[in-house]
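So the structure is just underneath, and the comments pick up after that.
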Amino acid sequence: MIKTAVLLLFTAQLIACSSTKTTPLEDPPSVEELFNHAAFEHQSTIEEHDIFSLPKQEQDKFLAYFKTALDKGTRPDKAVFNYLKKRLDQFTYDGATLTARESLEKNEGNCISLAILTQAYATLAKVETTFREVGTVPVFRKNNNTILISNHFRTKLLAPNSSSAANQFEIIRAGTVVDYFPAQDSFFIDTASYDDLIAKYYANKAVDSLLNENFNQSYSFLTSALNYSPNDAELINIAAILHRRKGLQNDALELFKFADKHHLTSQNLISNYLSLVKNQDNTELINHLENLLDSSASTPFDKIQLAQRAIKKGSYNKAIRELKEVIVETPYIPEPYFELARIYYTKGEMENTERLLALAIEKSSDPQKRSLFQAKHDAISKKKH
């Protein structure tokens with residue numbers, strides 16, 4: 024799970040299991056040059072190797088299983104998947120970001136933890152992997168003055184390359200997808216790499232430390248994450264929020280300016296930058312950021328947020344257009360139906376409100392979301408009768 028935190032009052036979104044990657048027009052300088060390093064004390068963080076290490080006894084157990092499976096003709100990627108499936112039978116899926124060893128010891132972890140555990144076994148088996156970042160329009164979970172948003176990683180264990188001749192290649196490599204949080208209301212965000220996975224681990228730990236007001240630890244995890252993904256907009260976003268929480272508002276502003284200048288932005292980062300400058304007498308910058316928010320909306324979540332901002336401004340027709348566009352693109356996610364229901368409720372159109380809430384319930388695979396939508400639907404039905 025990649026954590027995104029939204030600081031209330033100073034709305035600030037931190038990434039932890041959502042983001043779309045941005046590519047700078049040219050190689051920018053290191054963002055760490057803008058950090059107020061003197062304000063933080065660096066602390067030691069876990070090394071890359073230790074994130075993926077497994078106990079010797081577990082390594083031996085897995086390798087024995089893997090060899091037996093191969094001897095029986097099982098494809099290597101499927102053998103790794105089958106072992107994971109059996110090993111995680113009693114696994115508890117929660118919000119903790121853990122190492123491979125910790126996940127096994129506690130028999131729990133979030134999607135980043137499980138992607139790490141999968142990678143640990145894949146490395147032992149010499150099975151190649153690829154990753155995808157997959158999003159869902161989230162249920163918001165509050166932590167003090169912060170709202171946590173989460174997306175997740177999906178791992179693909181690659182089958183052995185079947186191209187035998189040098190001039191042959193596979194358009195789509197066969198393999199086995201490992202998805203610990205399958206949901207019908209999810210959408211593809213971006214491909215991801217091994218380095219991205221490590222960066223997300225450190226980013227999650229940075230967010231956890233930030234929420235616990237352990238700013239030195241958050242700073243240390245953040246600098247570790249930047250070693251693996253130096254131009255990640257969400258890491259710059261976390262850095263700006265960290266400086267703001269530390270009372271270094273000017274440094275936070277410089278970090279946001281850096282991201283904007285070098286086109287290293289995301290919806291989260293732009294929203295937080297906008298929140299920081301809203302009270303300033305800088306109409307030109309505010310208009311620029313609001314336009315950037317509108318023009319950079321790419322995922323269904325981005326577009327739903329765009330519609331929500333339009334609703335707050337009373338621009339219902341614009342919001343309806345945005346939401347209907349999301350439904351055309353991703354008819355299987357429930358949130359656009361719910362947001363449309365809110366608009367029609369405001370307009371007093373109860374039949375449309377009830378119909379759209381019913382669709383939101385039908386489309387939702389998340390029990391928490393379904394419960395929320397059902398409660399709204401039941402309340403409307405009672406009013407009608």
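Here the sequence shown is numbered in our numbering, starting from 24 and rising by one per residue.
Each residue gets a CB set at the ideal place from its N, CA and C atoms; glycine is no exception.
Nothing here was measured: the structure is a model prediction, and the numbers come from that model.
Backbone CA spacing between residue i and residue j [nearest angstrom]
| i | j | result |
| --- | --- | --- |
| E257 | L316 | 15 Å |
| T199 | V230 | 31 Å |
| K370 | I350 | 20 Å |
| E81 | D219 | 26 Å |
| K269 | E236 | 9 Å |
| T353 | I384 | 15 Å |
| L93 | T178 | 21 Å |
| A189 | L140 | With a pLDDT of 49 at A189, under the threshold of 50, the modelled position of this residue cannot be trusted; read the value that follows with caution. The alpha-carbon atoms of A189 and L140 are separated by roughly 33 Å. |
| A398 | L382 | 14 Å |
| I403 | P253 | 49 Å |
| K335 | E131 | 39 Å |
| E151 | Y217 | 10 Å |
| N340 | F324 | 19 Å |
| F33 | D202 | Bear in mind that a pLDDT of 37 at F33, under 50, signals an unreliable position, so the number given afterwards is only what the model happens to contain. Roughly 34 Å separates the two Cα atoms. |
| I221 | N105 | 24 Å |
| N295 | T246 | 20 Å |
| L121 | F75 | 10 Å |
| F176 | V157 | 6 Å |
| I135 | E374 | 42 Å |
| T376 | R332 | 20 Å |
| I264 | D83 | 44 Å |
| L411 | I356 | Limits of the chain in this structure are 24 at one end and 408 at the other, which puts residue 411 out of reach. |
| Y251 | F244 | 12 Å |
| S185 | F89 | 20 Å |
| E17 | D401 | Residue numbering for the chain in the displayed model covers 24 to 408; residue 17 lies beyond these limits and cannot be assessed. |
| S394 | T306 | 42 Å |
| I366 | K280 | 35 Å |
Nearest neighbour of residue i, chosen from the options [CA to CA]
| i | options | result |
| --- | --- | --- |
| L297 | F176, K179, E313, A262 | E313 |
| E71 | P52, Y224, D213 | Y224 |
| E128 | A138, T115, L93 | T115 |
| V54 | S338, L287, F244 | L287 |
| Y242 | A226, P253, D255 | A226 |
| P78 | L147, Q66, N254 | L147 |
| L379 | D389, S388, S387, L363 | L363 |
| K392 | R365, G337, F361, Y368 | F361 |
| D112 | S387, D100, L137 | L137 |
| N291 | T322, N273, R365, N302 | T322 |
| Q142 | N305, N375, V103 | V103 |
| L180 | Q240, L234, D100 | D100 |
| A282 | I261, L271, N302 | I261 |
| H65 | E125, Q240, K108, D73 | Q240 |
| N59 | F238, D389, D304 | F238 |
| H266 | E372, A61, N250 | A61 |
| S232 | T68, H311, D50 | T68 |
Bridge-paired residues (DSSP) for residue i
| i | result |
| --- | --- |
| A215 | F154 |
| E131 | T115 |
| L180 | T152, T199 |
Presumed contact (8 Å Cβ cut-off) between residue i and residue j, rounded CB distance
| i | j | result |
| --- | --- | --- |
| A320 | L299 | With 8 Å as the limit, A320 and L299 do not qualify as a contact, their Cβ atoms being about 20 Å apart. |
| N133 | A119 | 6 Å |
| F63 | Y144 | Not confirmed; about 36 Å, so no contact. |
| L346 | A330 | 5 Å |
| F154 | A197 | The Cβ separation is near 17 Å, so there is no contact. |
| E358 | I327 | 5 Å |
| H285 | P51 | 4 Å |
Proximity test, residue i beta-carbon vs the ligand PLP heavy atom, cut-off 7 Å
| i | result |
| --- | --- |
| S53 | What this structure holds is no ligand at all, so the ligand PLP is not there to describe. |
Minimum Cβ-Cβ distance from residue i to chain C less than 8 Å
| i | result |
| --- | --- |
| K370 | Chain labels in this structure do not include chain C; a single protein chain is all it has. |
Inset, instruction - Output the residue ranges of the alpha helix (DSSP H) runs that lie fully inside the stretch 338–362 and measure 4 residues or longer, sorted by chain position. - result: 339–352
Legend entry - Any alpha helix (DSSP H) of 4 or more consecutive residues that is wholly inside the stretch 257–328: Counting only runs of 4+ residues, the alpha helix (DSSP H) found wholly inside the stretch 257–328 occupies 272–284, 290–300, 306–318, in chain order.
Legend entry - beta strand (DSSP E) runs contained entirely in the stretch 360–391, provided each spans 3 or more residues: none
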